[in-house]
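Worksheet for the structure shown next.
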Amino acid sequence: MSVKIENKNGLTVFYVEGEIDINSAPAIKKSFDKLLSARTPKIIVNLSKVSYVDSSGLATLVEILKNMRSYGGRLRLTNLSAKIKSLFEITKLEKLFEIMPDEAEAISTFV
Amino acid sequence: MPRLDPLAFLRNPRSKKVITVPSETRYIRKVSDRILSSIEVLGLDDGKIFDIKLCIEEAVRNAIVHGNHSDRRRSVRVTYGVEDSRLTIEVEDEGIGFDHRTVADPTAQAHIMKNSGRGVYLIRKLMDRTDYNDIGNKITMVKNL
Chain U
1 MSVKIENKNG
11 LTVFYVEGEI
21 DINSAPAIKK
31 SFDKLLSART
41 PKIIVNLSKV
51 SYVDSSGLAT
61 LVEILKNMRS
71 YGGRLRLTNL
81 SAKIKSLFEI
91 TKLEKLFEIM
101 PDEAEAISTF
111 V
Chain X
112 MPRLDPLAFL
122 RNPRSKKVIT
132 VPSETRYIRK
142 VSDRILSSIE
152 VLGLDDGKIF
162 DIKLCIEEAV
172 RNAIVHGNHS
182 DRRRSVRVTY
192 GVEDSRLTIE
202 VEDEGIGFDH
212 RTVADPTAQA
222 HIMKNSGRGV
232 YLIRKLMDRT
242 DYNDIGNKIT
252 MVKNL
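Chains as they are written, first to last, in the numbering used here: chain U, 1 to 111; chain X, 112 to 256.
Below is the structure:
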């Protein structure tokens, strides 16, 4: 699993590559900590290169969302594979997160 | 010359495979890798493989973390086999068990942010059948192939 953070149009885009599971989820959270400490107002997480997410991965994303909401931040998830999107649907987390099909749209409409 | 059936050992209920691992999370992937490589010859679609992998890993994780409290002196025993186009996987820990009926619905408004019970819930949704033994330290999962 690897992560990359880029700034695009004044927005923070967080790229994850690999699997988000019980073993890699703590590293994702750690990579996010700096952004959360800085109270980054808007973050897009691009999951196009994520092939697998387990309940620990979902829990980590929920924790990040909770943290961002605590200071009024907003989080968008983009480019989910059909299978990973179905996990958000089954667990009803799709109602909690702003999930968008692609990064470009998420950036252009993030007002 | 008779053709060898690479899945014969899985189809014979008497030759179910057993994997026993210590209670450390680094073994979760080893269990799912071994089971998935055993059934690779079935040529299952990616979606089914994803579901099976996820359910194995959720069940083994629960057994390690909640059942055995990550005590590496305790083992998790995984038994699996294929019969009549059904994959059956049993995951048993050495803990005192739990009552799966008392696990809160993780999709309910009051619990959705709490991050507990989601693994058990996913197994129930993604497998075709899920059973627990009486004390709740063994889960049996069945997936139609």
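Beta carbons: idealized from backbone N, C-alpha and C, even for Gly. These figures come from a predicted structure and were not determined experimentally.
Legend entry - Chain-ordered chain U contacts of X/TYR165 [CB-CB under 7 Å]: Here the sequence assigns Leu to residue 165 of chain X, which means Tyr is not the residue at that position. One finds ASP54 in chain U with Cβ atoms closer than 7 Å to the Cβ of X/LEU165, taken in chain order.
Inset, instruction - Taking only beta carbons into account, state which residues of the region 29-59 of chain U come closer than 8 Å to chain X, listed in chain order. - result: Listed in sequence order: TYR52, ASP54, SER55, SER56, LEU58, ALA59.
Inset, instruction - Establish whether the CB of X/GLU151 and some CB of chain U are separated by less than 8 Å. - result: Taking CB atoms only, X/GLU151 has no neighbour in chain U less than 8 Å away.
Inset, instruction - For the alpha helix (DSSP H) holding X/ASP242, just list the boundary residues, first then last. - result: Here X/ASP242 belongs to no alpha helix (DSSP H); instead the beta strand (DSSP E) covers 240-243.
Legend entry - Interface flag, U/LYS85 vs chain X, CB-CB below 8 Å: Using beta-carbon distances, U/LYS85 does not count as an interface residue toward chain X, since no partner is under 8 Å.
Inset, instruction - Report yes or no: is there a C-beta of chain U within less than 8 Å of the C-beta of X/THR218? - result: When Cβ-Cβ separations below 8 Å define contact, X/THR218 makes contact with chain U.
Legend entry - Where X/GLU169 falls, given that 16 or more other Cβ within 10 Å makes a residue buried: With 16 or more Cβ atoms within 10 Å of its Cβ, X/GLU169 is classed as buried.
Legend entry - Nearest to U/TYR15 (by Cα), restricted to the options U/SER86, U/VAL50, U/PHE97: Out of U/SER86, U/VAL50, U/PHE97, U/VAL50 has the C-alpha closest to the C-alpha of U/TYR15.
Legend entry - Separation of U/ALA59 from X/PHE209, as counted between CA atoms: It is roughly 21 Å from the alpha-carbon of X/PHE209 to the alpha-carbon of U/ALA59.
Legend entry - Supposed close pair X/ASP204, X/ARG185 - CB separation, criterion 8 Å: Contact holds; Cβ gap of about 7 Å.
Inset, instruction - Decide if U/ASN46 is buried, meaning its Cβ has at least 16 other Cβ atoms within 10 Å, or exposed. - result: Result: buried.
Inset, instruction - Check the Cβ of X/ILE223 against every Cβ in chain U and list those closer than 9 Å, keeping chain order. - result: Residues of chain U passing the Cβ test: VAL62, THR91, LYS92, LEU93, LYS95, LEU96.
Legend entry - Beta-carbon proximity list for X/ALA215, same chain, < 6 Å, skipping 5 on both sides: HIS222, GLY228.
Legend entry - Same chain only: Cβ atoms within 7 Å of U/GLU103, ignoring 5 sequence neighbours per side: Within the same chain, U/GLU103 has close Cβ partners VAL13, ILE44, ASN46, THR78, ASN79.
Inset, instruction - Tell me, to the nearest whole angstrom, how far the beta carbon of X/ASP162 is from that of X/LEU237; I am working on the premise that it is less than 8 Å. - result: The beta carbons of X/ASP162 and X/LEU237 sit about 4 Å from each other, so the pair counts as a contact at 8 Å.
Inset, instruction - Step through the CB atoms of chain U and report whether any lies within less than 8 Å of the CB of X/GLY230. - result: Interface with chain U (8 Å Cβ-Cβ cutoff): X/GLY230 is included.
Inset, instruction - Measure from the alpha carbon of X/GLU194 to the alpha carbon of each residue in X/ASP182, X/LEU256, X/VAL129, then state which is nearest. - result: Out of X/ASP182, X/LEU256, X/VAL129, X/LEU256 has the C-alpha closest to the C-alpha of X/GLU194.
Legend entry - Test: X/LEU147 CB closer than 8 Å to a CB of chain U: No, its Cβ sits nowhere closer than 8 Å to a Cβ of chain U.
Legend entry - Nearest residue (CA-CA) to U/SER70, options U/ILE90, U/SER31, U/SER24, U/SER37: For the residues U/ILE90, U/SER31, U/SER24, U/SER37, the minimum Cα distance to U/SER70 belongs to U/SER37.
Legend entry - Which residues DSSP lists as bridging U/GLY72, in chain order: According to DSSP, residue pairing for U/GLY72 in a beta bridge does not occur.
Legend entry - Partner residues on chain U for X/LYS236, Cβ-Cβ distance less than 7 Å: Chain U residues near X/LYS236: ILE90.
Inset, instruction - Flag X/ILE139 as yes if its beta-carbon sits less than 8 Å from any beta-carbon of chain U, otherwise no. - result: Output row for X/ILE139: interface = yes.
Inset, instruction - Measure the C-alpha to C-alpha separation of X/ASN248 and U/THR109 and round it to an integer number of angstroms. - result: The straight-line gap from Cα to Cα measures roughly 48 Å.
Legend entry - Cα-Cα separation between U/GLY10 and U/LEU75, rounded to whole angstroms: Going from the Cα of U/GLY10 to the Cα of U/LEU75 covers about 14 Å.
Legend entry - Whole alpha helix (DSSP H) elements within the region 132-164 of chain X, 4-residue minimum: The region 132-164 of chain X contains, as complete alpha helix (DSSP H) runs of 4+ residues, the segments 139-149 (chain order).
Inset, instruction - Taking U/ILE5 as the reference, give the member of U/LYS30, U/GLU19, U/ILE22 with the closest Cα. - result: It is U/LYS30 whose Cα lies nearest to the Cα of U/ILE5.
Inset, instruction - With 8 Å as the threshold, decide whether the Cβ of X/GLY158 is near any Cβ in chain U. - result: Taking a beta-carbon distance threshold of 8 Å, X/GLY158 counts as an interface residue toward chain U.
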